[in-house]
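Number of protein chains: 4
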Amino acid sequence: MKVGVLTGGGDCPGLNAVIRSVVRKGVDEYAFDFVGLRDGWLGLLQDDVRPLDIASVRGILPRGGTILGSSRTNPFTHEDGLRRVQDTLATHDVDALVVIGGEDTLGVATELSRQGIPLVGVPKTIDNDVSGTDYTFGFDTAVGIATEAIDRLHTTAESHMRALVVEVMGRHSGWIALHAGVAGGGNVILIPERPFDIDQVCEQVKSRFKINYAPIVVVAEGATPKEGQMVLKDESLDEFGHVRLSGVGEWLAREISERTGKDARTTVLGHIQRGGTPSAFDRWLATRFGLHAIDAVKDGDFGVMVALKGTRIVRVPLADATAKTKLVDPSLYDEFEVFFG
Amino acid sequence: MKVGVLTGGGDCPGLNAVIRSVVRKGVDEYAFDFVGLRDGWLGLLQDDVRPLDIASVRGILPRGGTILGSSRTNPFTHEDGLRRVQDTLATHDVDALVVIGGEDTLGVATELSRQGIPLVGVPKTIDNDVSGTDYTFGFDTAVGIATEAIDRLHTTAESHMRALVVEVMGRHSGWIALHAGVAGGGNVILIPERPFDIDQVCEQVKSRFKINYAPIVVVAEGATPKEGQMVLKDESLDEFGHVRLSGVGEWLAREISERTGKDARTTVLGHIQRGGTPSAFDRWLATRFGLHAIDAVKDGDFGVMVALKGTRIVRVPLADATAKTKLVDPSLYDEFEVFFG
Amino acid sequence: MKVGVLTGGGDCPGLNAVIRSVVRKGVDEYAFDFVGLRDGWLGLLQDDVRPLDIASVRGILPRGGTILGSSRTNPFTHEDGLRRVQDTLATHDVDALVVIGGEDTLGVATELSRQGIPLVGVPKTIDNDVSGTDYTFGFDTAVGIATEAIDRLHTTAESHMRALVVEVMGRHSGWIALHAGVAGGGNVILIPERPFDIDQVCEQVKSRFKINYAPIVVVAEGATPKEGQMVLKDESLDEFGHVRLSGVGEWLAREISERTGKDARTTVLGHIQRGGTPSAFDRWLATRFGLHAIDAVKDGDFGVMVALKGTRIVRVPLADATAKTKLVDPSLYDEFEVFFG
Amino acid sequence: MKVGVLTGGGDCPGLNAVIRSVVRKGVDEYAFDFVGLRDGWLGLLQDDVRPLDIASVRGILPRGGTILGSSRTNPFTHEDGLRRVQDTLATHDVDALVVIGGEDTLGVATELSRQGIPLVGVPKTIDNDVSGTDYTFGFDTAVGIATEAIDRLHTTAESHMRALVVEVMGRHSGWIALHAGVAGGGNVILIPERPFDIDQVCEQVKSRFKINYAPIVVVAEGATPKEGQMVLKDESLDEFGHVRLSGVGEWLAREISERTGKDARTTVLGHIQRGGTPSAFDRWLATRFGLHAIDAVKDGDFGVMVALKGTRIVRVPLADATAKTKLVDPSLYDEFEVFFG
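Protein chains in written order, with numbering that gives the first Met the number 0: chain A, 0 to 340; chain B, 0 to 340; chain C, 0 to 340; chain D, 0 to 340.
What follows is the structure, encoded as structure tokens:
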């Protein structure tokens, strides 16, 4: 049996760990052959296919990024996309695919699976917003980096008695903001799932200054104020009307500064959240995902995604997993209310 | 209501995070009063009790160790132990306890609960071997430190083409060894749950050298070879017949060296695995444990332990949790077989 | 003898280490008394003075920021500033000052020293641009954080074959950019000391892509293109005509993207470079600076600054140290030419 | 011109950074050819020689260890050693050598240089004990790892009010112990250069407990008590009569425990101090050493070692550098006296 492996979407710590364990177990235990498809779905569209053997996955466990390259290509937006994918698979005698990606990549996989292509999905995203799994790999690393940054910012904030706004990733969901905000001892945590009231944010900031502590505001890039509170020029909004990257953090610092009379600054963590060596947790999860994905291939159990449930790895239907974005539950957010302000 | 808080057993990253969230929510939301009992059960035996308020828990979230001190005291091994505990609680009008500890400390809590003392348990141990919860806090930090150490040892091993044995914590269970061994790309992982065959270990070591890679052997301090394979002087064994701390790692390096003719060295990670700032994961878990523990106190739901199940915090009967040590399941260990050797 | 200690300017890892060693040696060896002046020169203007003893400096060695607070206040811009400083010193019977700060703070100290106030300076700045000393503390920590960020960005850049621009601190000097750029393996390093040619930058970026590597551009916030190359709206320039914070990095990514046709992104590291626990190097240097500063006070050797020369701590005249900014020498920059492009 | 490169002795973070910069500049700027000699002098004895080009040094800057392998082989202890070295060089038309190593490796280089072999030395050792240079690369990384470990141990020590002994590397010199001890806030620092008095150590430990702090004792592996204080069995001593690895730390903990009645434990840091990614400081230093070493080759300036003096890289005669071990100066040690006990 010949198995193709691809990684799609934004890069994410742990991708290489999945590739390694898929190939190690596939070759050693099931005597499968492997090819790597370059740059996600693009490799299938452009017939960019490389051999993938045990030698090529040695030493990659601790390395960030993906040795297969990645892209955000969607074959269904290309004319003849499906046929070209099928042609490439046929040309290389690929019997099955292991598709490692986030919402978009797995959405394509779901559709291809419906079209009869045998594949198994592996959920990855630093944003943690794929349904059907407790966690995705990459998320723990991103939270760890953001938490360490918040730790560092505390001392700067206290030394100057200024408010510090930290903008973390999360365009549609607030998982990184919530976890890093709680772990870093943030005083205000703002997430896309819950439009915030700028007046209330400023009250929380002031109450923190009142007891002689410097407030840390952790905000997901996709968080937005309540309707009417943010007056932005058109060019500051993206196609969905969301604030553009690096927008909300700077806006918040300016508003806080103006409304409270205190100095406020922003740090936008950006890409450092998604690169570099994966945390031990993510290496463990990614390794297990890979082992279970190749087992599913062996079992001929296609159209599924491997997922974490408690401490076990299970298989869930791809269609269920990609039906909707996993958002932060309001009750989870409210658990931490006592720390806010 | 007045609540007493104590931390027992070996120190563990995240203890302060629990104390902080218990007190923050207890004071702010339920208007409870708090006292801290010094050095675990010892504080109750010796009437060493201190006030505990919000000011005293500020800034402790990222700090390792415990501001309450800890000890391995068991009140039931002291004459009149139970009565002295009851007296101290009465003297200070303590209505309920939050007991943060591992197997031993929670075992005592179970018994005191049976004797009618209202208390809620919070599981902590870097060893992750408390039943009833998916994970304990402190474990992720320990695994992270051990994994980083293994990362570092790889380059030394490769430069000198020598075998490196890393001894990690885990007297009765192999959780740290297994997680860090998998995350660090160890080639042999030895755990207490499964006596190992020194001949097989040496074969795995040799097969690694054969492909020009330097083997890393990750061994839990409590791992033992099969019966008859280790000839040790009496003083190398502890009271249970287990190899004493720093024993098995050194023994392995010597055996590997003698049997394979290759240079082999040992590193015993020791106490650096249990100190220092907690990982983001552990801060998140510890914070949530604290919030839910004080909720249980508020509900009058005593004799329970808070526990992680998937992504939710639940309450389980203390008696269930402390009935037996949570060991590594053989099927979990076998998942990783393809990486060994 | 009573000694006052103050920290001025931007916060910097190692400030607390200096305070600790000044007080420890001053009390234990010379039996001095100490007071802390709050928020730099502001404490002297507003008579905000606190006792400072050994108990108050315990445990602060590894902590970022400054327990004394800081500000950018300049007493000479206040009416009666000098007199108010003198009054506060007289009120509290302060015999001498230890002044810990960067260019601005030490400039004030130089002038106060000329006015007869007995003081000793300690150079601090993450920017490393104080003359008279090989290094300032805080710099090594900042370089370490920036280097780790660059390490992380490499994997993201490679996975997506995109150019990544990293903007680091350094408004007037390129020390952080040069050191972190070299240590992180940056392919283009741009510093304020040398206006860059955007065409040449794009050539270097392209030559990197040509060999299938993703370029990393490390740019100091104060770096500027050659005259005429950057067309900016007025509001993007600060009072000195320099590009405002977060300006040059974004401008570069946009230009690179437009001129090379390749995807390019920016990360602005910002405040995480100046907060948090100091590196071992900075703790060592800061501790020694503190010990030698209090020795100078003991010797009555005022108007000097402690400085690092090779491995020794020496005293240099404050006036010499603050006469001009220490810039990156062109010959040092040229040493690394072979790595560029 | 063809240049051979070798790395000898214990591995050390930064070796790859030197190799990379030697080759990058040698090829790009001087059009030299390169070969790598495997495993230090062994490669020259056994004619184990590999091509070394720019492709083979890509991506190695942040990686610990050495891509050339290393060993502790001394050609002069082999019959015909010198002739075999000369033969290998002749066989491969090697015109000059860059020798990267510590005391032993550079000692051999000195002798070979006297015998007419054109070579340039680069000092490396985590121990920092090579004369003629302010610092060697690898040292800063080792100190950083040891300091972080001490940070972690503080919280464990405080939680249990126990003494913790940390044994760090340094068989003949106390550089790591002194720097990490000072940076980590150790209360007792013991170095080989100064035999310690166990009674005084115990007094310092007790005085620390008296003020309710838990003492940290940092000891170099080669430190020894004053004559007559340590009674060891013969097998605990190495060939030079020094305490064997992992000896002195354990002995100290036992003595402290017995003499003070307090709990005391030991952690032996071991090999984690020498592996893994180099610090930014070490990457900077190693990169510059490499650039200057190949310049010396270009200049035909053989028999020299590149060295750090202040912020400049200079060339010093190899013979001077290897004449004697660089020990910790008593006056430097005494600077920190106020922190001890």
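For glycine and all other residues, C-beta sits at the position ideal for the given N, C-alpha and C.
Would residue i count as contacting chain C if we go by Cβ distances under 8 Å?
i	result
A:Val129	no
D:Pro74	no
D:Leu244	The predicted position of D:Leu244 is uncertain, since its pLDDT is 40 and thus under 50; a value taken from the coordinates is nonetheless stated next. Not closer than 8 Å to any Cβ of chain C, the Cβ of D:Leu244 fails to qualify, so no.
A:Val267	yes
A:Gly274	yes
A:His153	yes
A:Gly64	yes
Check whether the Cβ atoms of residue i and residue j lie closer than 8 Å to each other.
i	j	result
B:Gly68	B:Asp38	yes
C:Val107	C:Phe75	yes
D:Gln272	D:Ile188	no
D:Gly359	B:Thr265	No statement about residue 359 of chain D is possible, as the shown extent of chain D runs from 0 to 340 and does not include it.
B:Leu105	B:Pro122	yes
D:Asp10	B:His159	yes
D:Val218	D:Glu166	yes
D:Trp174	D:Phe136	no
B:Glu412	B:Asp133	Chain B is shown from 0 up to 340; residue 412 of chain B falls before or after that span and cannot be answered.
D:Gly309	C:Lys308	yes
D:Ile125	D:Thr6	no
D:Gly131	D:Val315	yes
B:Val181	A:Asp27	no
Determine, for residue i, whether the minimum Cβ-Cβ distance to residues of chain B falls below 8 Å.
i	result
D:Val17	no
A:Trp174	no
D:Asp150	yes
A:Val21	no
A:Lys297	no
A:Lys1	no
D:Ile116	no
Please name the residue or residues paired with residue i in a DSSP beta bridge.
i	result
D:Ile99	D:Thr6 and D:Val121
A:Leu307	A:Ile312
C:Ala263	C:Ala162
D:Gly35	D:Val4 and D:Arg49
D:Thr324	D:Val129
D:Phe195	D:Pro224
C:Ala219	C:Val167
Taking only beta-carbon atoms, is residue i less than 8 Å away from chain D?
i	result
B:Arg264	yes
C:Thr286	yes
C:Arg161	no
C:Val337	yes
Going by C-alpha distance, which of the options is nearest residue i?
i	options	result
C:Ile328	C:Gly25, C:Glu192, C:Glu157 and C:Thr72	Reading the sequence as shown, one finds Asp at residue 328 of chain C and not Ile. The option with the nearest alpha carbon to C:Asp328 is C:Glu192.
A:Ala156	A:Pro214, A:Trp40 and A:Ser20	A:Pro214
A:Ala263	A:Val218, A:Gly269 and A:Leu251	A:Leu251
A:Arg311	A:Ser330, A:Val303, A:Asp86 and A:His291	A:His291
D:Leu51	D:Arg62, D:Trp40 and D:Gly35	D:Gly35
C:Val216	C:Arg71, C:Gln203 and C:Val315	C:Gln203
D:Glu110	D:Lys323, D:Gly185, D:Leu317 and D:Gly340	D:Leu317
A:Arg210	B:Gly169, B:Ala54, B:Lys205 and B:Gln199	Checking the sequence, you will find Ile at residue 210 of chain A rather than Arg. Measuring from the Cα of A:Ile210, the nearest candidate turns out to be B:Ala54.
B:Val3	B:Pro12, B:Asn15, B:Gly13 and B:Val21	Contrary to the premise, residue 3 of chain B reads as Gly rather than Val in this sequence. Of the listed residues, the one whose Cα sits closest to B:Gly3 is B:Val21.
I'd like to know if residue i contacts chain A, where contact means its C-beta is closer than 8 Å to some C-beta of that chain.
i	result
B:Asp133	yes
B:Lys24	yes
C:Gly68	yes
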